[in-house]
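Asks:
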Amino acid sequence: MAVRATDPVLTIIVLGRASIGARLSDEPGVRVVRASSPFDALGELGFLDPAHPSPLLVIDLAELAPEEIPAFVAAAKRVEPGVRIIGAGEPARITAVESWIAADAGAADWSRVIHPKAADRPHLVPEDEPPSPAPATDESWADDDAALTALLAGRDLLGPILARVRRAFTPHEVRLQPVIEGNSDPTTRANTPGETSVVIQHRGRTLGWLIGPASIREQLLPAARWLALWLAVQEQHATLRTAALTDALTGAWNRRYFDRFIDSVLSRAKRKRNDVTLLLFDIDDFKSYNDRFGHSAGDGILREVVRLLGSVIRPTDRVCRIGGDEFAVVFDAPDPGAPGRDPASRHPALIVEIARRFQKQIQAHHFPKLGEAAAGSLGISAGLATFPWDASDARGLVEIADRHLLESKRQGKNRLTLGPPSI
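If you read the sequence shown in our numbering, its first letter stands for residue 95, the second for the next number, and so on.
1. Going along the chain, which residues of its own chain have a beta-carbon closer than 7 Å to the beta-carbon of GLY288, five neighbours each way excluded?
2. Any idea what DSSP makes of SER131, helix, strand or coil?
3. What ranges does the alpha helix (DSSP H) occupy inside the segment 360-422, keeping only unbroken runs of at least 4 residues that lie completely in it?
4. Compute every distance between the C-beta of ILE106 and the non-hydrogen atoms of the ligand HEM, then say whether any falls below 7 Å.
5. Is it a yes or a no for the segment 404-413 touching the segment 333-340, going by three-plus beta-carbon pairs under 8 Å?
6. Run through DSSP, which three-state label would PHE481 get?
7. According to DSSP, is GLU267 part of a helix, a strand, or is it coil?
8. Could you check if GLY506 is buried or exposed, using at least 16 other CB atoms within 10 Å of its CB as the buried criterion?
9. Quick check on the burial criterion: 16 or more other C-beta atoms within 10 angstroms. Buried or exposed for LEU155?
10. Considering ARG299, what are the terminal residues of the beta strand (DSSP E) in which it resides?
11. Exposed or buried, which one is THR344 when buried takes at least 16 other CB atoms within 10 Å?
12. Based on DSSP bridge pairs, tell me the residues matched to LEU109.
13. By the 10 Å Cβ neighbour count, where 16 or more other Cβ atoms means buried, how is ARG283 classified, buried or exposed?
14. Does the Cβ-Cβ distance between SER131 and GLN330 come in under 8 Å?
15. Is HIS498 helix, strand or coil by DSSP?
16. Quick check: what's the CA-CA separation for ARG311 versus SER291?
17. Taking the DSSP output, what are the residues bridged to GLN295?
18. Among the residues of its own chain, which have a CB less than 7 Å from the CB of ASP357, if the five just before and after it don't count?
19. What residues in its chain sit with their C-beta under 7 Å from that of LEU256, if we drop five residues either side in the sequence?
20. Residue range of the alpha helix (DSSP H) that ARG319 falls in?
21. From GLN453 to ASN508, what distance separates their C-alpha atoms?
22. For the candidate residues ALA422, ARG451, ALA479, whose alpha-carbon lies nearest to that of ARG354?
23. On the DSSP letters alone, give me the boundaries of the beta strand (DSSP E) that LYS193 sits inside.
24. With ARG178 as the anchor, note down where its beta strand (DSSP E) starts and where it stops.
25. Do ILE474 and ILE377 have their beta-carbon atoms positioned less than 8 Å apart in this structure?
26. Please state if the CB of ILE195 and the CB of ILE179 are separated by a distance shorter than 8 Å.
27. Measure how close the beta-carbons of HIS459 and LEU374 come, nearest whole angstrom, since I'm counting them as under 8 Å.
28. What residues are listed by DSSP as bridge partners for PRO272?
29. Check the Cβ-Cβ distances between ARG367 and every residue of chain C, and say whether any is below 8 Å.
30. If you measure between the beta carbons of VAL424 and VAL359, is that distance less than 8 Å?
31. Between LEU472 and the rest of its own chain, which residues show a CB-CB distance below 6 Å, the 5 nearest in sequence each way excluded?
32. Taking the continuous beta strand (DSSP E) assigned at THR344, which residues delimit it?
33. What's the C-alpha gap between ARG415 and VAL370?
34. From GLU493, PRO147, ALA449, ALA318, pick the residue whose C-alpha is nearest to that of GLU161; which is it?
35. Does GLY404 pass the burial test, meaning 16 or more other C-beta atoms within 10 Å, or should it be called exposed?
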């Protein structure tokens, strides 16, 4: 049956092997989204259009350890209460999912999963092997609303999860101790009299200890398992965020980060009446260096440019690689007492001074892979625009800085062009 463009589309999120997603993609009326990690799956659930049918989450049961599945299922239900959850894999690994299907099932079986009828549902789970519910002690740790809210907002998870633990054990005092580097045996810890510590581990790696009175040790065990999952999520979240928002070659922030950061900075600047300056620059004749010395040399130039720029900007400024050899620097010091900011200096004048210092560094720097042509052979052309004088929004600021960058090129390159107020 053909699906019309106006028909609502069922979103299927597949956590696990690509072959499952490939089979489901052939089903009419569905949109298949591949999630490379549990964190990605939760994120996809959080961004679904509420007007569309309730989504289907297919979990490759080999992707998670059995003890991780209940917590993940509970988290998915909190993000999207209407989600249907199907486990794909071996029956022996069924736990906490609503129904089950073999990962290598045929098209007819998958179709019944996607579009279930009342008569089909009992057959998806073997009658002699029903899903095992999570132990009662673990279910009490399913109250993850604050942590999930922090996760979806991109905030640090440690505060909400520790607050959750402390509330659960009031009036007892419990605390988290991370692993101490250099500890020869990270699975053990010396306790003071009357105290106990439960190791927090995820997939064989020790993340720390949950410490409290010895009298509540049994209650600390499920809390430690819960903490292990959330600490692992926090670590994975930080890794994924870094990968998503930074340039792998140079370590600078990428275009995605720049678009988000400039909007947020200008929004705050409007409220607090701060100055924000944008510098756009590229390396003059960069393609010729790739052609003459090879792409390895070109990559080395880009890395060195970012390193040199990092040595002259202030801690609150941001360097972003927005194209091949194109960079954007957002100069933002909202706190008059911030390191590197001179309260007596005028904002645009200070930024021009930093930019010209950077230009001189580039000209004088020795780039080893360029051999004899290294010193004095590189130049940058740049354009500068400042909020609120040159533009009142991000788009306008970028357009004016880019116009000034092109003017620097027309004037013979290796120049810095800016508009009023003149410096």
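C-beta: ideal position from N, C-alpha, C; glycine also.
Predicted model only: the values in this text are computed from it and were never measured.
Replies: Taking the structure as given:
1. As a working note, residue 288 is residue 194 in the sequence shown. Correct list, in chain order: PRO307, ALA308.
2. Mapped onto the sequence shown, residue 131 falls at position 37. Coil, per DSSP.
3. 380-387, 389-404
4. With respect to the ligand HEM, the structure offers nothing, as it holds no ligand at all.
5. no
6. Your numbering for residue 481 matches position 387 in the sequence shown. Of the three classes helix, strand and coil, the one that applies to PHE481 here is strand, per DSSP.
7. In the sequence shown, the residue the question calls residue 267 occupies position 173. Coil.
8. Start at 1 with the first residue of the sequence shown, and residue 506 comes out as number 412. The residue in question, GLY506, is exposed, as its Cβ has fewer than 16 Cβ neighbours within 10 Å.
9. By 1-based counting over the sequence shown, the position of residue 155 is 61. With 16 or more other Cβ atoms within 10 Å, it is buried.
10. Reading the sequence shown from its first residue, position 205 is the one you call residue 299. Its beta strand (DSSP E) spans residues 299-307.
11. Here residue 344 corresponds to residue number 250 of the sequence shown, with the count starting at 1. Burial call: buried.
12. Translated into the one-based positions of the sequence shown, residue 109 becomes position 15. Answer by DSSP bridge pairing, in chain order: ALA129, ILE153.
13. As a first step, residue 283 must be located in the sequence shown, where it is residue number 189. Flag for ARG283 reads buried.
14. On the sequence shown, residue 131 is found 37 positions in, with the first residue counted as 1. On the sequence shown, residue 330 is found 236 positions in, with the first residue counted as 1. The answer is yes: Cβ separation under 8 Å.
15. Working through the sequence shown from its first residue, we reach residue 498 at position 404. HIS498: helix per DSSP, three-state reduction.
16. By one-based count along the sequence shown, residue 311 stands at place 217. By one-based count along the sequence shown, residue 291 stands at place 197. One C-alpha to the other measures close to 8 Å.
17. Within the sequence shown, residue 295 is the residue found at index 201, counting from 1. Its beta-bridge partners are THR300.
18. Here residue 357 refers to the residue found at position 263 of the sequence shown. Around ASP357: ALA488.
19. Indexing the sequence shown from 1 puts residue 256 at position 162. Here the set comprises LEU270.
20. Here residue 319 corresponds to residue number 225 of the sequence shown, with the count starting at 1. Residues 311-339.
21. Here residue 453 refers to the residue found at position 359 of the sequence shown. Here residue 508 refers to the residue found at position 414 of the sequence shown. Distance between the alpha carbons of GLN453 and ASN508 is about 8 Å.
22. Position 260 of the sequence shown, counted from the start, is the residue given in the question as residue 354. Per the Cα distances, ALA422.
23. Residue numbering aside, residue 193 sits at position 99 when the sequence shown is read from its first letter. Before going further, note that residue 193 is Ser rather than Lys in the sequence given. Where SER193 is concerned, the enclosing beta strand (DSSP E) stretches over 193-195.
24. Within the sequence shown, residue 178 is the residue found at index 84, counting from 1. 178-182 is the span of the beta strand (DSSP E), which, as asked, contains ARG178.
25. Start at 1 with the first residue of the sequence shown, and residue 377 comes out as number 283. Start at 1 with the first residue of the sequence shown, and residue 474 comes out as number 380. It is a contact, given that the beta carbons lie within the stated cut-off.
26. Mapped onto the sequence shown, residue 179 falls at position 85. Mapped onto the sequence shown, residue 195 falls at position 101. Not in contact: ILE179 and ILE195 (Cβ atoms no closer than 8 Å).
27. Here residue 459 refers to the residue found at position 365 when the sequence shown is read from its first residue. Here residue 374 refers to the residue found at position 280 when the sequence shown is read from its first residue. Contact flag wrong, Cβ pair sits at about 21 Å.
28. Counting from one through the sequence shown, the residue named residue 272 turns up at place 178. Bridge partners of PRO272: GLY302.
29. Considering every chain present, this structure includes no chain C. It has just one protein chain.
30. As a first step, residue 424 is located in the sequence shown; it is residue number 330 there, counting from the start. As a first step, residue 359 is located in the sequence shown; it is residue number 265 there, counting from the start. Yes, Cβ-Cβ distance for VAL424 and VAL359 is below 8 Å.
31. Position 378 of the sequence shown, counting from 1, holds the residue named residue 472. Apart from sequence neighbours up to five positions away, the residues of its chain that approach LEU472 with a beta-carbon distance below 6 Å are ILE456, ordered along the chain.
32. Position 250 of the sequence shown, counted from the start, is the residue given in the question as residue 344. Note, THR344: premise wrong, no beta strand (DSSP E); not H, not E.
33. Your numbering for residue 415 matches position 321 in the sequence shown. Your numbering for residue 370 matches position 276 in the sequence shown. The alpha-carbon atoms of ARG415 and VAL370 are separated by roughly 18 Å.
34. Taking the sequence shown and counting its residues from 1, one reaches residue 161 at position 67. Residue nearest to GLU161 within the set GLU493, PRO147, ALA449, ALA318 is ALA318 (criterion: CA-CA distance).
35. Position 310 of the sequence shown, counted from the first residue, corresponds to residue 404. A residue is called buried when at least 16 other Cβ atoms come within 10 angstroms of its Cβ; GLY404 does not meet this threshold and is exposed.
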